[in-house]
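Student:
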Amino acid sequence: MDFRIQRRPPWQHGRHLCLLLLGMLAVGFGSISADAQIRAYVANTNDNTVSVIDTTSNTIVGSPIAVGSSPWTVSLNPTGTRAYVPNWGSNTVSVINTMSNTVVATIPVQQNPVAVGIIPNGTRAYVSNYTANTISVIDTATNTIVATIPVANPIEIAFLPTGTRAYVANAQQGTVSVIDTTSNTVIGTISVGSVPAGVAVNPSGTRVYVTNENSGTVSVIDTATNTVLPPYLWEVHLPVSRSLLTDYALTSQTTTPTHYR
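Pasting the structure below:
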């Protein structure tokens, strides 16, 4: 999968490293309507739109949905009824009703939002404001900001299955912030590799996987202690450039490339 962008954030020199657990940043998938049709929502950064793809026929559904300036990614809520699109250029988040494929709210956030993480129960959306060095917390029932959390150049956000902790990749600091989602405060900062971008939590919530773009490594965090596991268990050494590295299959603490592009 390839997507072209008009203005790249400082960390993004090629495609992000992509784990099977992470998926690509610019696409959101959801099960829409009573017949369980699966649709993909794609952010078109240059066109300021979101395209909807019927994944059964691989065709575009309807006209592109107009959103804000430079939409960066798409995240769907757990029920698939809403899609959240951070608009890098207009400092807003567009909320799309996936039944009608229309924008039902535009929420002002802070400077240069790049990603949205939805807490597992769907009640809150956490927005990474890259240049503002903050996370905006949205109440999804009212589409209002209920908290602002200081971090450092945040990109992706992932949650424990319980929803009690959020893990935020801080690109320029080489760290991951741990957020208590009850108090919406940072309770820990974990040093990882250079330019962490992607973050994912395993299904049991015991491990967090962080892709470090400049280091060419994946940091594995033990969520019981919020410490990085010893490098000999997980470090990736592959003679491949970041722009060519795509999908990985994760087996225990090892990573094995499945294919290249």
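Residue numbers (numbering that gives the first Met the number 0): 0 to 260. By construction, the Cβ of each residue, glycine as well, lies at the ideal position given by its N, Cα and C atoms.
Within a Cβ cutoff of 7 Å, which residues of the same chain sit near A146, ignoring the five residues on either side of it in sequence?
Tutor: Residue numbering aside, residue 146 sits at position 147 when the sequence shown is read from its first letter. Contacts found: V136, N183.
Student: Going by the CB atoms, is the gap between I95 and V41 shorter than 8 Å?
Tutor: The residue you call residue 41 lines up with position 42 of the sequence shown. The residue you call residue 95 lines up with position 96 of the sequence shown. In this structure, I95 does not lie closer than 8 Å to V41 by Cβ.
Student: Between the alpha carbons of I134 and G61, how many angstroms are there, rounded?
Tutor: Residue numbering aside, residue 134 sits at position 135 when the sequence shown is read from its first letter. Residue numbering aside, residue 61 sits at position 62 when the sequence shown is read from its first letter. Their backbone Cα atoms lie some 33 Å apart in a straight line.
Student: Quick check on N57: buried or exposed, where buried means 16 or more other Cβ atoms within 10 Å of its Cβ?
Tutor: As a position in the sequence shown, residue 57 is number 58, starting the count at 1. Burial call: exposed.
Student: Between the Cα of V194 and those of M98, S214, A223, spot the shortest distance and give me the residue it belongs to.
Tutor: Counted from its first residue, the sequence shown places residue 194 at position 195. V194 has its Cα closest to that of S214, out of M98, S214, A223.
Student: What does the Cβ neighbour count give for N211, buried or exposed, with the cut at 16 atoms within 10 Å?
Tutor: Looking up residue 211 in the sequence shown gives position 212. Classification for N211: buried.
Student: Taking only three categories from DSSP, how would you classify V49?
Tutor: Taking the sequence shown and counting its residues from 1, one reaches residue 49 at position 50. Residue state, collapsed to three classes: strand.
Student: Using beta-carbon positions only, say whether A124 and T139 come within less than 8 Å of one another.
Tutor: Translated into positions along the sequence shown, residue 124 becomes position 125. Translated into positions along the sequence shown, residue 139 becomes position 140. Yes, the Cβ-Cβ distance between A124 and T139 is below 8 Å.
Student: Taking C-beta to C-beta, are I154 and S127 nearer than 8 Å?
Tutor: Here residue 154 refers to the residue found at position 155 of the sequence shown. Here residue 127 refers to the residue found at position 128 of the sequence shown. Yes, the Cβ-Cβ distance between I154 and S127 is below 8 Å.
Student: Check I37 in the structure and name its three-state DSSP category.
Tutor: Position 38 of the sequence shown holds residue 37. Three-state DSSP puts I37 in a strand.
Student: Closest to N132 by CA distance: which of P112, G121, N120 is it?
Tutor: Position 133 of the sequence shown, counting from 1, holds the residue named residue 132. The shortest Cα separation from N132 among P112, G121, N120 belongs to P112.
Student: Excluding the 5 residues flanking G67 on each side, which residues of the same chain have their C-beta closer than 6 Å to its C-beta?
Tutor: Start at 1 with the first residue of the sequence shown, and residue 67 comes out as number 68. The residues are N86, S89, T91, S93.
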